[in-house]
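In order, the protein sequences belong to chains R and S.
So the first sequence is numbered by this note's numbering: it starts at 204 and just counts up by one.
So the second sequence is numbered by this note's numbering: it starts at 204 and just counts up by one.
All C-beta atoms, glycine included, are put in the ideal place defined by N, C-alpha and C.
To keep things clear, I will list the structure first and then write my remarks on it.
Number of protein chains: 2
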Amino acid sequence: MAQLVVERRDVDFVLHEQLEVEKLSKHEKFADFNRKTVDLIISEARSLAIKEMLPALKLGDEEGCRFENGTVTVPEAFQRLYDLLKEGEWIAMCDDPQWGGQGMPTTVSLAAMNYFDGANYPFMLHTILLHGAAKLVETFGTEKQKALYLKKMLSGEWGGTMLLTEPEAGSDVGALTTAAVKNDDGTYTISGSKIFISAGENDLVENIVHPVLARIEGAPAGTDGISLFLVPKICVNDDGSLGDRNDVVCTGIEEKMGIHASPTCSLTLGGKGNCRGTLLGKENKGMRAMFVMMNEARLEVGMQGLGCASASYLNALAYARERIQGRSLQATSKEAPPVPIIQHPDVRRMLLSMKAYTEGMRSIIYYIGWCEDQIRTSSDADEKQKYQGLIDVLTPIGKGYVTDKSFEVCNQGVQIFGGYGYTKEYPQEQLLRDCKITHLYEGTNGIQAMDLLGRKLGLNKGQSYKDLIKEMRDMAETAKTVGGLETLAADVEKAINKLEETALSIGSTARSENMMSAFAHAYSFMEVTGDTVMAWMLLWRAVLATRKLSDGAKKKDLNFYDGQVKSARYFIKSVLPLTLAKADIIIAGDDTVMQISEDAFGSK
Amino acid sequence: MAQLVVERRDVDFVLHEQLEVEKLSKHEKFADFNRKTVDLIISEARSLAIKEMLPALKLGDEEGCRFENGTVTVPEAFQRLYDLLKEGEWIAMCDDPQWGGQGMPTTVSLAAMNYFDGANYPFMLHTILLHGAAKLVETFGTEKQKALYLKKMLSGEWGGTMLLTEPEAGSDVGALTTAAVKNDDGTYTISGSKIFISAGENDLVENIVHPVLARIEGAPAGTDGISLFLVPKICVNDDGSLGDRNDVVCTGIEEKMGIHASPTCSLTLGGKGNCRGTLLGKENKGMRAMFVMMNEARLEVGMQGLGCASASYLNALAYARERIQGRSLQATSKEAPPVPIIQHPDVRRMLLSMKAYTEGMRSIIYYIGWCEDQIRTSSDADEKQKYQGLIDVLTPIGKGYVTDKSFEVCNQGVQIFGGYGYTKEYPQEQLLRDCKITHLYEGTNGIQAMDLLGRKLGLNKGQSYKDLIKEMRDMAETAKTVGGLETLAADVEKAINKLEETALSIGSTARSENMMSAFAHAYSFMEVTGDTVMAWMLLWRAVLATRKLSDGAKKKDLNFYDGQVKSARYFIKSVLPLTLAKADIIIAGDDTVMQISEDAFGSK
């Protein structure tokens, strides 16, 4: 069972055949990352994931985290895993070597993360926000802040978090009440309560650095008055040594449906009136700074979903090949022997659906990373803006759509195991439970849908969404010329045209006095966009595979390539027609959702 | 929070306005069950559910069941609940008063069960199979078996189970290997292992009666050679007193994703060679006997899903009304105050979707019970056959479709709570976990879909499915004449026509050499049938509500009736178009699912 995390052949396909990451090594920045090096990195990540992280997945779920007297103990096995991550420098894969990073292309780092998250993402949650926090320090920190914190964080010696949410300020960050008062020495005294802080307290690291959103005394209400502060758990002296314990106290951890191995902490800042922090960036520009981290954090959540889906699919596939149950439906004799359940049509349907989504989502997530690499290697401002726009538009898809579909994949992954899927004997039920949080944090998926319609559709006067449409249309055009894919290409083209029509329609309603009705369809719009992006990715894969098949692919690759064409065909023939119907529903714009009175929902 | 189980107004609406259960009291069998009595029953059930069962829901989840030395200890609070169930005679609501039953109409009993299951279905699992087991004894037992067991079981003094599944015989019951050897005294010696037995061992009752499927020595292979046996945990002497401990031993309980308060037991029969049972019914007719119980058991599983959905919806609604978060999207000023989240379009979308499904599913489940009541009160063989056919056709919908949609409702119920929904502070995550098993037991939902296409579509030469179509079409015809519902009625009629076309198409393929391709679309066919049944039920509700509104309904009912029209409109305008598209996919019959080779699913 050891290899059931991520399909290596598919990872290689996306990296080398779809996105051709080796081309990045032509750029001086990535000169070290030729095919051989990339393969080595993925092999190392795979080995670490399978040999070390995967065995701790169930252990972590069972053992969970313990809270006692302000301290949090994580599962015992995690200390070794964390040491291995540090030793392998996996925490700062893409970061600047100046700060201890490996300077890797983002696309390659995502493939490694796919393995890590697929094997044990509750463990990986100990490092994800650490990286985001370090990026904040790198982007907005003073030279002093960078010198004091950055290497310690990117090496993993210190942990890092993100302190946004408060009990009364969740989706509405602007409502936060944590306060900051400037001291004479330029530091700030912070006071407030924060909740839902992943790895906000733990025994893996000697210090934890909290970027904290708070409002400076007298600052405006709402998001315009929010500043960002750096608040270490243990104060850092000017020479870099650790000083006094800061007044940041963990008051408890959440009991949750899943990710039991990841402590979700409540923190009180300044309970004794003595929580000290330094301003990170400019006063009242905290929200803007946080948004810089948002794309990365949301993409990572998408990757967590994909990790669960990848593992659930491979486990289901292996089980369906082994589990003997029931005669073939076609068997004419009652004496016919029972068969592996992969031969039963409804099991195949679930497997093919899981396969198509897992593959398509892998392409979506890696592609977003690849856009980041285009920005990192480009010196052309227009090109940078184009790729940034694609990232911005695709982020709600990579987070909202991908995690929704990942949960559906994990749900089917339970089904294939029958009653066994509900037991803790197999990983399927944990993957489903762990996956569920991805719909909620870093902005609920409803928030993602609002982001797509309210911000991203009109971004750069709509140019970014148009750029996405153009990328998709170009691939459909290409596919039309590939023998055997003509009708699939035509179907995808139809969906792209319909998506464009839908975007115009809902975008126009969103700017009208009926804007609330448009937002009642925002979720569907995210789904229609996501489905079309999925169809694009699968068609793209099918184009490459069909060409390889007609160019005489190696025998060992024939099944894989054939599987690519089948995934595309399944999705385009059995899912995409629903997308068109969903688009028509959006365009029709029924507004019952807004018409119903609050009292008509039910008695109080 | 105490009342957040089931909407009483909606229960009353289905019982008294939609299904007019009082009419049943015209029949001598149900003469006692006039409106006043029915209302009293529902009020009592509601009170028991809310005051006693609901507080034990979370307790049961946390405490779970303990297995030690062959015994199973259930959560402490359950003993009192069980005593209350016994005292109130709730275990045998519909059964013959001769055996201690209350002789209630099935429809009314389902409304009571809706409350019980909505409050604490893991607890109710201790009685569900007990009732099924008792029905087996009543239907197939000898006079002696009935005399010895029936009253003890229906009173709840003894428990009951259903021993079908074995490690290698799950969906394929015919593969079971549990063996029975006839003894000289007419009893049988049983040996084998059974798994996944709900309440197979527990400390609530002094004895447990196991109906066991086993194969008599020399009987044919497969389902044709299966017989049913009655195997008590403690042997019963001829005078009804308890004798020796039988050789049935619990060897363990499953660790599961949810329903922790319900012990899922593994049982070994005849480990010491001394497990005694008596034949129940005829030799080799065990499967047929078990099928008699199947409809009831499957409908009950649907009710469990509905119970979770009902509770999740009411909790979400209450939370959305109370939780203040974010300005209105329409607010023009940044100073605008935050609003209850029920005002946000995407939250309303989720709530209305949850409401429409919960209501529609309630009607589906109660309607199936109402069909049972028609059989119970009819003396016309044709009428009995018609209603039995409707029950048979609707059972896969009431189980498979309803539990699928219930899970989706519970999933949205978590979303509305944001991050809090993932914590154990609120019931939402438990409802989602508990709901998941309903997709798996009593035949996975994939099995339900195969049952619909493979058995039920052609039942009575297709007449039963046609009867269903006719019932639906009659309602659409009626709705066309109701002011304001004309277009909704036309939409539903279109869906019914499309369903009929789809049934003909897939039914014909299922009988052809391409039958495997048809079964690859069986699940979609269940969904299309279910959606159309849902639309029928919601349209029916809207017809009644619209008439009441135009006839001058009481002021306190105006919101409720308006909510009925809105539920129907939402579903018909925002879901049903997808159903038509799904039907077209079935008719198009793409067979990629069968075309893909096993190796192309991924490496081994």
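query, result
"Identify the continuous alpha helix (DSSP H) that holds residue 392 of chain S and give its terminal residues.", "Taken as a continuous stretch (DSSP letters only), residue 392 of chain S belongs to no alpha helix (DSSP H), being part of the beta strand (DSSP E) at 391-401."
"If you measure from the beta carbon of residue 759 of chain R to each beta carbon in chain S, is any gap under 7 Å?", "no"
"Would you call residue 449 of chain S buried or exposed, if buried means 16 or more other Cβ atoms sit within 10 Å of its Cβ?", "buried"
"Label residue 350 of chain S either buried or exposed according to how many other C-beta atoms from any shown protein chain fall within 10 Å of its C-beta, with 16 as the threshold for buried.", "exposed"
"So residue 417 of chain R is in the beta strand (DSSP E); what residue range does that whole segment cover?", "410-419"
"For residue 685 of chain S, collect the residues of the same chain with a Cβ closer than 6 Å to its Cβ; drop the 5 residues on either side in sequence, then sort them by chain order.", "746 and 749"
"Spell out whether any CB of chain R is found under 7 Å from the CB atom of residue 266 of chain S.", "no"
"Would you list, in chain order, the members of the region 793-806 of chain S that have their beta-carbon closer than 8 Å to a beta-carbon of chain R?", "793, 795, 796, 797, 798, 799, 800, 801, 802, 803, 804, 805 and 806"
"Output yes if chain R places a C-beta closer than 7 Å to the C-beta of residue 380 of chain S; else output no.", "no"
"Examine the Cβ distances between the region 257-269 of chain S and the region 450-470 of chain S and report whether three or more of them are shorter than 8 Å.", "yes"
"State buried or exposed for residue 494 of chain S, treating a residue as buried only when at least 16 other CB atoms are found within 10 Å of its CB.", "exposed"
"List the endpoints of the continuous beta strand (DSSP E) containing residue 432 of chain R.", "429-435"
"Under 7 Å, Cβ to Cβ, is there at least one residue of chain S near residue 730 of chain R?", "no"
"Helix, strand or coil for residue 205 of chain R? Go by DSSP, reduced to three states.", "Its pLDDT being 45, under 50, residue 205 of chain R is placed unreliably by the model, and the measurement read from it follows with that caveat. Note: residue 205 of chain R maps to coil in three-state DSSP."
"In the region 204-226 of chain S, which residues sit with their C-beta less than 7 Å from some C-beta in chain R, listed in chain order?", "210 and 212"
"Contact criterion: CB-CB distance below 7 Å. Does residue 698 of chain R meet it with respect to chain C?", "Within the model displayed, chain C is absent; protein chains R and S are what it includes."
"Tell me where the beta strand (DSSP E) around residue 382 of chain S begins and ends.", "382-385"
"Would you call the region 315-322 of chain S in contact with the region 500-511 of chain S, where contact means no fewer than 3 C-beta pairs closer than 8 Å?", "yes"
"What residues match up with residue 372 of chain S in a beta bridge as DSSP calls it?", "S/369"
"Can you give me the C-alpha to C-alpha distance between residue 774 of chain R and residue 616 of chain R, rounded to a whole angstrom?", "18 Å"
"Mapping the DSSP letters down to three states, classify residue 456 of chain S as helix, strand or coil.", "strand"
"Would a C-beta distance cut-off of 7 Å place residue 489 of chain R and residue 429 of chain R closer than the cut-off?", "yes"
"Name the two residues that bound the continuous beta strand (DSSP E) containing residue 297 of chain S.", "Taken as a continuous stretch (DSSP letters only), residue 297 of chain S belongs to no beta strand (DSSP E), as it is neither H nor E."
"For residue 762 of chain S and chain R, any beta-carbon pair shorter than 7 Å?", "yes"
"With a threshold of 7 Å between beta carbons, is residue 740 of chain S in contact with chain R?", "no"
"Just to confirm my understanding: we take residue 578 of chain S, look at its own chain, exclude 5 residues before and 5 after, and list those with CB closer than 7 Å. What are they?", "587, 590 and 591"
"By how many angstroms is the C-alpha of residue 413 of chain S removed from the C-alpha of residue 333 of chain S?", "9 Å"
"Please classify residue 714 of chain S: is it buried, with 16 or more other beta-carbons within 10 angstroms of its beta-carbon, or exposed?", "exposed"
"For residue 511 of chain S and residue 287 of chain S, what's the separation of their Cα atoms in angstroms?", "22 Å"
"State whether the region 724-739 of chain R contacts the region 689-705 of chain R, with contact taken as three or more CB pairs (one from each stretch) at a distance under 8 Å.", "yes"
"May I have the straight-line CA-CA distance separating residue 394 of chain S from residue 377 of chain S, to the nearest angstrom?", "16 Å"
"In angstroms, rounded to a whole number, what distance separates the CA positions of residue 353 of chain S and residue 667 of chain S?", "33 Å"
"Looking only at C-alpha atoms, which of S/643, S/642, S/744 and S/626 sits nearest to residue 681 of chain S?", "S/744"
"Which residue from R/440, R/277, R/309 and R/515 puts its Cα closest to that of residue 328 of chain R?", "R/277"
"Could you spell out the range, first to last residue, of the alpha helix (DSSP H) harbouring residue 755 of chain S?", "No alpha helix (DSSP H) contains residue 755 of chain S, which DSSP labels as neither H nor E."
"Compute the distance between the beta-carbons of residue 738 of chain S and residue 783 of chain S, then report whether it is under 7 Å.", "no"
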